[in-house]
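Undergrad: Top line first, the protein sequences correspond to chains U and E. Position one of the first sequence corresponds to residue 1 (UniProt numbering), numbered consecutively onward. Position one of the second sequence corresponds to residue 1 (UniProt numbering), numbered consecutively onward. In this text, a Cβ means the ideal position worked out from N, Cα and C, and glycines have one as well. As the structure is a prediction and not an experimental result, all values here were calculated from the model. After the structure tokens below, expect a handful of questions from me.
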Amino acid sequence: MRLLAAMSGGVDSAVAAALAVEAGHDVTGVHLALSPDRQTLRSGARGCCSVEDAHDARRVADELGIPFYVWDLAERFTEDVVDDFVAEYAAGRTPNPCLRCNEKIKFAAVLDRAQALGFDAVVTGHHARLADGQLRRSVDAGKDQSYVLAVLTAEQLAGAVFPLGSMTKKRVREIAAERGFAVATKADSHDICFIPDGDTRGFLARRLGEQPGPVVDAATGATVGEHAGAYGFTVGQRRGLGVAVGDSRPRYVLGIEPVSRTVTIGTADLAGVTEVRTAPPTWTGPAPALPCTAEVQLRAHGAAVPCEVRAADDGGLLLLLAEEQRGVAPGQSAVLYSPDAGCGDLVLGQGTVRATGRPVRA
Amino acid sequence: MTYLDHAATTPVLPEVLVAMAEQLGRVGNPSSLHASGRAARRVAEQSRERLAEALGARPSEVLFTGGGTESDNLAVKGMYWARREADSRRRRIVASPAEHHAVLDSVEWLAKHDGADITWLRVEPTGRVTPEAMAEALGDGEDVAVASVMWANNEIGTVSDLAALAEAAHAVGVPLHTDAVQAVGQVPVDFAGSGVDALTMTGHKLGGPMGAGVLLLRRDAACMPLLHGGGQERDVRSGTLDVAAIVGLQVATTSAVGGREERAARLAALRDRLVDGVMDRVPDVQLNGAPLDDVLAGGPGRLPGNAHLSFPGAEGDALLMLLDARGVECSTGSACSAGVARPSHVLLAVGADAATARSSLRFTFGATSTDADVDAVLAVIGPVVERARRAGLGRR
């Protein structure tokens, strides 16, 4: 196959490209320049599109003897990922930018362009298994990235190759070291690539300005504090609330109401939810017949819980959770899996969380 | 492989390899007083004399440097500093916005860090700077430290009339530097005849080694050094002379200048056939720069080996990638340090819009180019452009 390897400069995409070459494919490497700030590119700040990362990716491509180019997708990335990220927070939701980048950039803008240029598929270093059009969790549960890929449709997955899904991260580093790649020991990236200093609240404050509002205690309805911007909070958050409520019981963010900028907090017994409503879902394959049972994962590194999946009248999904879950934030993706201990849990699809419901107590 | 990127660099000539290898096998610092040093000095000075002869300069006007970028930096900064020291009113630099980054960034650095004011020259749609534009920008010249205009543009290949520009500069007492990196060996370059005060050239654009350049500097042109040390080159440039590189640079330059007329005619014929063939296959292609048969002051008005084309609706980097995959090597112009393709500042300077500037390719012929190279491009250019157009822009 003619494959386009998206090479970030990290060890995963380097090994993915190497394995594609060694499997006999005709591979071309590209590094995606995503930062609209040319200074960032020039001064080499941390982040996914620094000069150092482009250099690291190019070094690997040169060692592999494959063509290598840099594609400038800064404009698309700014619109589809960064602006969306800011708008979602402004609307009181908690977005996942990596998911959005896979949906709109890597497996849309890049894949479309690759296919138009004559490539069959895009290779990335994501930790997920993909065979026969079925997307499954990585064998390395700690590194599994199926959550941020669940938004891909069957058509997008048909243009994707993930060579790393059946190996551990440890093995990936070994393969890189065996091939003499300088990136073999390069640190994993953790931060959001366009917020290299990791200060999401500071980033949002610069973009959205100060937007003060009340912090309200759900039990009493009383205003117990002030905040500088509701975008600094996420549902389920416990630390950094900046309020004293009188008793020593921990408080959690229960909800964010963007118009009145009200952040509602409450005790642990109020923080759990058993019902999740989502936007209209996307499926990685044929849509399952509903209702059905599945497991749902409600944030990037959360555990999966059994649930019943029902179709809602608005085209979305209604998920009835078998166990109460805390910190289910609107804007996050509810990813549905069909458990499979042998071949890896199968990703069915996902819907963006719109609302949650609490158990009715006697 | 079809190598049509001779403006980026050229294959080293066989006779250059021989001359350099011979020199690399010897010991000797040309500054040493013993026999080995004297032997090395003899080779370096012989090279200086032959280079001077090839370029219409005196041997004492030849300063060896580490390449074109260093020569440009030395001329722009060194002449600015020297002229300003002599008269503190001289803070203005007059330059073309289509210069190579070695000049542009030097000028902008002086503006940012050392109090310089910049006057950008008006550039014709072809990329040429006229003597009228020079006179207009200089005014009475009293506050001008230095002016710089390239002899031939590295992207679109347009030649300017340096003799006329030097006359305009000298009329108001301003020294003129020219970056002739692309011009030497392609069009007639006569340092003394042109009247310019400083001229940059380099070896690897005409079959010599990388990392070897020259600044021709008139004896009466004041210039402060960038590199301080042993004072080897007239105290304007320090550093042990790289004798092997110097002899390689000289052999290449002598050969390129000697065979210039015959080679220029051959390259122009290849280039014209390429442009005509592309126009047949891609009817809406646009030629950037001066017309192919442009004549200026009795010589070519456009570098004979240069074809610079815009393909509306296609991105230069997609075209380059598709051609590369088919064994055709050409260039899109500049990229930032991370490798992101950027619209050419040269095309923007001559009034092109950003989309046109992004849709351009540069093909440059050199001594080893043949008809087969033209055939190779013409065999694939139609489908490549069509495919690149379908690939869209990654933009909306």
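Would you mind working out which of U:Arg358, U:Asp340, U:Ala131 and U:Leu3 sits nearest U:Arg326, comparing C-alpha positions?
TA: Taking the first residue of the first sequence as 1, we reach residue 326 of chain U at position 326. Of U:Arg358, U:Asp340, U:Ala131 and U:Leu3, the residue nearest in Cα terms is U:Arg358.
Undergrad: Keeping to the same chain, check which residues put their C-beta closer than 7 Å to that of U:Arg38; ignore five residues upstream and five downstream.
TA: Your numbering for residue 38 of chain U matches position 38 in the first sequence. Its pLDDT being 48, under 50, U:Arg38 is placed unreliably by the model, and the measurement read from it follows with that caveat. Taken in chain order, the list of residues that qualify is empty.
Undergrad: Alpha carbon to alpha carbon, how far is U:Gly198 from E:Ala252?
TA: Mapped onto the first sequence, residue 198 of chain U falls at position 198. Mapped onto the second sequence, residue 252 of chain E falls at position 252. Approximately 54 Å between the Cα atoms of the pair.
Undergrad: Comparing the CB of U:Leu298 with every heavy atom of the ligand NAP, is any distance shorter than 7 Å?
TA: Of the ligands one can find in the structure shown there are none, so the ligand NAP has no counterpart to examine.
Undergrad: I want to see whether chain E comes within less than 8 Å of U:Val70, judged by CB atoms only; does it?
TA: Position 70 of the first sequence, counting from 1, holds the residue named residue 70 of chain U. True, the Cβ-Cβ gap to chain E drops below 8 Å.
Undergrad: Looking at chain E, is there any beta carbon in it that lies within less than 8 Å of the beta carbon of U:Ala33?
TA: The residue you call residue 33 of chain U lines up with position 33 of the first sequence. It does; some Cβ of chain E falls within 8 Å.
Undergrad: Using a Cβ-Cβ distance cut-off of 8 Å, determine whether residue 421 of chain E contacts chain U.
TA: Residue 421 of chain E cannot be examined here, being either before or after the span of chain E that is shown, 1 to 396.
Undergrad: Excluding five sequence neighbours on each side, which residues of the same chain lie with their C-beta closer than 8 Å to the C-beta of E:Ser238?
TA: Counted from its first residue, the second sequence places residue 238 of chain E at position 238. Closer than 8 Å at Cβ, skipping near neighbours: Pro225, Leu227, His228, Gly229, Gly230, Gly231 and Gln232.
Undergrad: On the premise that E:Ala82 lies in contact with E:Ala222, defined as a C-beta separation below 8 Å, what is that separation, rounded to the nearest angstrom?
TA: Counting from one through the second sequence, the residue named residue 222 of chain E turns up at place 222. Counting from one through the second sequence, the residue named residue 82 of chain E turns up at place 82. Yes, they are in contact, since the Cβ atoms of E:Ala222 and E:Ala82 sit about 4 Å apart, within 8 Å.
Undergrad: Let's test the definition: count the other Cβ atoms within 10 Å of the Cβ of U:Arg206 and tell me whether it reaches 16, buried, or not, exposed.
TA: Against the first sequence, residue 206 of chain U aligns to sequence position 206. U:Arg206 should be labelled exposed.
Undergrad: Measuring only between beta-carbons, confirm whether E:Ala325 sits less than 8 Å from chain U.
TA: Position 325 of the second sequence, counting from 1, holds the residue named residue 325 of chain E. Yes - at least one Cβ of chain U is within 8 Å of the one on E:Ala325.
Undergrad: Straight-line CA distance for U:Gly44 to U:Val51?
TA: Taking the first sequence and counting its residues from 1, one reaches residue 44 of chain U at position 44. Taking the first sequence and counting its residues from 1, one reaches residue 51 of chain U at position 51. With a pLDDT of only 37 at U:Gly44, under 50, the local geometry of the prediction cannot be trusted, and the value read off the model is given with reservation. One C-alpha to the other measures close to 5 Å.
Undergrad: To test your reading of the DSSP string, which unbroken beta strand (DSSP E) runs of 3 or more residues are found completely within the segment 64-89 of chain U?
TA: Correct list: 68-72.
Undergrad: If you drop the 5 nearest sequence neighbours on each side, which residues of the same chain put their C-beta closer than 6 Å to that of E:Tyr3?
TA: What you label residue 3 of chain E is simply residue 3 of the second sequence in a count that begins at 1. Only Glu329 meet the Cβ criterion.
Undergrad: Among all the DSSP beta bridges, which residues are the ones paired with U:Asp62?
TA: Locating residue 62 of chain U in the first sequence gives position 62, where the first residue counts as 1. The partner list for U:Asp62 (beta bridge, DSSP) is empty, contrary to what the question assumes.
Undergrad: Between which two residues does the beta strand (DSSP E) containing U:Glu295 stretch?
TA: Taking the first residue of the first sequence as 1, we reach residue 295 of chain U at position 295. Per DSSP, U:Glu295 belongs to the beta strand (DSSP E) from Cys292 to Gln297.
Undergrad: Determine the DSSP secondary structure at E:Ser106, reduced to helix, strand or coil.
TA: Mapped onto the second sequence, residue 106 of chain E falls at position 106. Correct three-state label for E:Ser106: helix.
Undergrad: Taking 8 Å as the threshold (C-beta atoms), are E:Glu155 and E:Val346 in contact?
TA: Within the second sequence, numbered from 1, the residue matching residue 346 of chain E stands at position 346. Within the second sequence, numbered from 1, the residue matching residue 155 of chain E stands at position 155. Yes, the pair counts as a contact, with Cβ atoms nearer than the cut-off.
Undergrad: Between U:Gly118 and chain E, is any beta-carbon pair separated by less than 8 Å?
TA: Position 118 of the first sequence, counting from 1, holds the residue named residue 118 of chain U. For U:Gly118, the answer is yes, since a Cβ of chain E falls inside 8 Å of its Cβ.
Undergrad: Does any residue of chain E bring its CB to less than 8 Å from the CB of U:Ala182?
TA: As a working mapping, residue 182 of chain U is identified with position 182 in the first sequence. Taking Cβ atoms only, chain E never reaches closer than 8 Å to U:Ala182, which makes this a no.
Undergrad: Helix, strand or coil, according to DSSP, for U:Val353 in the structure here?
TA: By one-based count along the first sequence, residue 353 of chain U stands at place 353. Reduced to three states, the DSSP call for U:Val353 is strand.
Undergrad: Suppose you measure from the CA of E:Ala8 to the CA of E:Lys205; what does that come to, to the nearest Å?
TA: For this step, residue 8 of chain E is matched to residue 8 along the second sequence. For this step, residue 205 of chain E is matched to residue 205 along the second sequence. Each residue's alpha carbon lies about 7 Å from the other.
Undergrad: What residues of chain E sit near U:Pro196, judged by a beta carbon separation below 7 Å?
TA: By one-based count along the first sequence, residue 196 of chain U stands at place 196. The contacting residues do not exist; U:Pro196 stays about 15 Å from chain E at best.
Undergrad: Just verifying my parser: in three-state terms, what is the DSSP assignment at U:Arg338?
TA: For this step, residue 338 of chain U is matched to residue 338 along the first sequence. The amino acid at residue 338 of chain U is misidentified as Arg; the sequence shows Ser. U:Ser338: strand per DSSP, three-state reduction.
Undergrad: Pull up the distance between the alpha-carbon of U:Thr264 and that of U:Asp80, whole angstroms please.
TA: Within the first sequence, the letter at position 264 stands for residue 264 of chain U. Within the first sequence, the letter at position 80 stands for residue 80 of chain U. The alpha-carbon atoms of U:Thr264 and U:Asp80 are separated by roughly 29 Å.
Undergrad: Quick one: which chain U residues come within Cβ less than 8 Å of E:Arg362?
TA: In the second sequence, the residue the question calls residue 362 of chain E occupies position 362. Within 8 Å Cβ-Cβ: nothing; E:Arg362 doesn't reach chain U, min ~17 Å.
Undergrad: Would E:Arg219 pass as a contact of E:Glu61 if the rule is Cβ separation under 8 Å?
TA: Translated into positions along the second sequence, residue 219 of chain E becomes position 219. Translated into positions along the second sequence, residue 61 of chain E becomes position 61. Their beta carbons are under 8 Å apart, which means E:Arg219 touches E:Glu61 by this criterion.
Undergrad: Could you spell out the range, first to last residue, of the alpha helix (DSSP H) harbouring E:Ala191?
TA: If you number the second sequence from 1, residue 191 of chain E lands on position 191. Reading off the sequence shown, one finds Phe at residue 191 of chain E, where the question assumed Ala. Here the alpha helix (DSSP H) through E:Phe191 covers Phe191 to Ser194.
Undergrad: Return yes when the Cβ of E:Phe311 is within less than 8 Å of the Cβ of E:Leu319, no when it is not.
TA: Your numbering for residue 319 of chain E matches position 319 in the second sequence. Your numbering for residue 311 of chain E matches position 311 in the second sequence. Their beta carbons are under 8 Å apart, which means E:Leu319 touches E:Phe311 by this criterion.
Undergrad: In this structure, does DSSP put E:Thr119 in helix, strand or coil?
TA: Working through the second sequence from its first residue, we reach residue 119 of chain E at position 119. Residue state, collapsed to three classes: strand.
Undergrad: Excluding the five sequence neighbours on either side, which residues of its own chain have a C-beta within less than 6 Å of the C-beta of U:Phe68, listed in chain order?
TA: As a working mapping, residue 68 of chain U is identified with position 68 in the first sequence. Only Gly29, Arg58 and Ala61 meet the Cβ criterion.
Undergrad: Using a Cβ-Cβ cut-off of less than 9 Å, give me the residues of the segment 98-120 of chain E that come near chain U, in sequence order.
TA: Within the segment 98-120 of chain E, no residue has a Cβ that lies closer than 9 Å to any Cβ of chain U.
Undergrad: Under a CB-based cut-off of 8 Å, is U:Ala54 close to chain E?
TA: By one-based count along the first sequence, residue 54 of chain U stands at place 54. Yes, its Cβ sits closer than 8 Å to a Cβ of chain E.
Undergrad: Report the rounded CA-to-CA distance for E:Leu176 versus U:Asn96, giving the unit in angstroms.
TA: Stepping through the second sequence from its first residue, residue 176 of chain E is reached at position 176. Stepping through the first sequence from its first residue, residue 96 of chain U is reached at position 96. Going from the Cα of E:Leu176 to the Cα of U:Asn96 covers about 57 Å.
Undergrad: With DSSP as the reference, please indicate the residues paired to U:Gln211 in a beta bridge.
TA: Position 211 of the first sequence holds residue 211 of chain U. DSSP output for U:Gln211 lists U:Gly229 as bridge partner(s).
Undergrad: Can you give the beta carbon distance from E:Thr65 to E:Leu74, rounded, assuming they're within the 8 Å contact cut?
TA: Start at 1 with the first residue of the second sequence, and residue 65 of chain E comes out as number 65. Start at 1 with the first residue of the second sequence, and residue 74 of chain E comes out as number 74. Contact holds; Cβ gap of about 6 Å.
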